[in-house]
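Its first residue numbered 301, the sequence shown is counted upward by one per residue in the working numbering.
Ideal Cβ positions, reconstructed from N, Cα and C, are used throughout, including at glycine.
Okay, structure first, notes after.
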Amino acid sequence: RRGAGGAKLMTLQSFHRRVIGEGAPVWARPVRTVLAGVSRIYGAVVRARNARFDAGIGVARVKAPVICIGNLTVGGTGKTPIVVDVVRRLSADGLRPAVILRGYGAVGGGESDEQQLIRRVCRGVVCVADKDRVRGARTAIEHHATDVLVLDDGFQHRRLGRDLDLVLIDATCPLGFERLIPRGLLREPVEGLRRAHALIVTRTDEVGPEVLTALRERLTELCRDMPVVQTRHCAVGLSHLDGAPAADDVRGRRVFAFAGIGNPESFRTTLTHLGAEIAGIRWLRDHARYSPGVVRALLRAASAAGADLLTTTEKDAVKLGAYADEFENRLRVVRIEIEYVGDGAAVLEGLIRRTLRSRCAAGEGNPIVESAQ
301 RRGAGGAKLM TLQSFHRRVI GEGAPVWARP VRTVLAGVSR IYGAVVRARN ARFDAGIGVA
361 RVKAPVICIG NLTVGGTGKT PIVVDVVRRL SADGLRPAVI LRGYGAVGGG ESDEQQLIRR
421 VCRGVVCVAD KDRVRGARTA IEHHATDVLV LDDGFQHRRL GRDLDLVLID ATCPLGFERL
481 IPRGLLREPV EGLRRAHALI VTRTDEVGPE VLTALRERLT ELCRDMPVVQ TRHCAVGLSH
541 LDGAPAADDV RGRRVFAFAG IGNPESFRTT LTHLGAEIAG IRWLRDHARY SPGVVRALLR
601 AASAAGADLL TTTEKDAVKL GAYADEFENR LRVVRIEIEY VGDGAAVLEG LIRRTLRSRC
661 AAGEGNPIVE SAQ
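As structure tokens, then:
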């Protein structure tokens, strides 16, 4: 554990980032050497796989347009709020979108945290979880009369053909130290960005202007003339576990923060921007499952830290409904939405509409899709 405004659990994820990141301790050097060797083997496999898909081998097309929202790195890039935003835009155009996801973290045939969250904030939208994304896409089309598919975290899942690839880049750790996993955070070489149709840089408000300038220059070097949209993750309010809006706020209050997400430090930054005094924090592994023992430990830690409230993310909240009585109205959920910088929303809207028109022009659309022209 490390002290950081209270007890902080060093997860395997945070340990890994400490080893591979800038300013790593001396003892990490031999570990980094071993990881680099593994990365070379992994890289050879990824390049061979990509070459096969680049040649069109093994790619399956389905009868509806596919909009893929993915990233190049492991860890959280703020993808779920973008998925929600795109789904809402499609629905507002009179379409019937379905979200296709892997369902990572689901247990015993239940729903994953991402699936539960999307269902909660996008009422009535079909979500199909299937490790075989092609099968999931066909299920959505054949059994749910879907017009357009939103493929969640599918940039590397190339077996399902797509019409629009939107790749997210987290400004706080943009290109995964430009090294493949496990030596870095890249799922594939940075050149893979060139397959995208547009790049969406998230959390731009959490870094300085010099970082954004350097990132823009690097992206231009990698993907000249590709649209780059900048976004911010904005806290739009607090809610209770049942989703009902909370009338209070966290400004000036001592809070105990906990989360099991890919980039928990971003959550800490959000709380700081909201004016909270962070009495303690506890980070769990990404997609962590909550048990009575874990909840009791969180409550004990919050009490020991002298916290007025506990705070968590929407993705964690959907897994905590059974523990509402234990939290006794002391838990607040921070609601996040995407805000586009400049003309970013118009750029994204234009890309989506051109994609739908292209499928219709090819004779693969339907009247509802065509109405979005």
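One Cα belongs to Asn629, the other to Leu571, and the distance between them is close to 19 Å. Contact annotation: the region 337-350 touches the region 475-486, with at least three C-beta pairs closer than 8 Å. Scanning the region 337-377 from its first residue to its last, the whole beta strand (DSSP E) runs of 3-plus residues come out as 366-371. A buried status is given to Ser412, since no fewer than 16 other beta-carbon atoms sit within 10 Å of its beta-carbon. With respect to Ile638, Thr504 sits apart: the two C-beta atoms are not nearer than 8 Å. Below 8 Å, too few C-beta pairs join the region 353-366 and the region 533-551 to call them touching: fewer than three. Here Val467 is near Leu499, since their CB atoms are less than 8 Å apart. Collapsing the DSSP output to three states places Asp465 in a strand.
Counting every other CB atom within 10 Å of its CB across the protein chains shown gives Pro564 a total of 16 or more, marking it as buried.
Ranked by how close their Cα comes to the Cα of Ala576, the residues Ser591, Arg589, Ala546, Val555 have Val555 in first place.
The alpha helix (DSSP H) runs lying completely inside the region 408-495 and spanning 4 residues or more are 413-421, 433-444, given in chain order. Beta-bridge pairing by DSSP links Ile652 to no other residue. Linking Arg585 to Gly562 through their CA atoms gives a straight-line distance of about 8 Å. With respect to Val319, Val338 sits apart: the two C-beta atoms are not nearer than 8 Å. With contacts defined as CB atoms closer than 8 Å, Val421 and Ile367 fail to qualify as a contacting pair. Judged by DSSP secondary structure, Pro397 falls within the beta strand (DSSP E) whose first and last residues are 397-401. In the structure shown, the three-state DSSP call for Ser539 is strand. For Arg317, the enclosing alpha helix (DSSP H) stretches over residues 312-320. Distance from the CA atom of Arg389 to the CA atom of Glu649, rounded to whole angstroms, is 8 Å. Each of Gly378, Asp452, Val399 was checked against the Cα of Thr472, and the nearest Cα belongs to Gly378. Taking the CA atoms as reference points, Gly403 sits about 14 Å from Val383.
The beta carbon of Val618 sits closer than 7 Å to the beta carbons of Asp413, Gln416, Leu417, Arg420 from its chain, once the five residues preceding and following it are set aside; these are given in chain order. With respect to the C-alpha of Ile469, the residue from Phe455, Arg459, His316 having the closest C-alpha is Phe455. In terms of Cα proximity to Arg495, the closest of Pro474, Asp463, Leu599 is Asp463. In this chain, Gly562 is not harboured by any beta strand (DSSP E), its DSSP state being neither H nor E.
Judged by DSSP in its simplified three-state form, Cys523 adopts coil rather than helix or strand.
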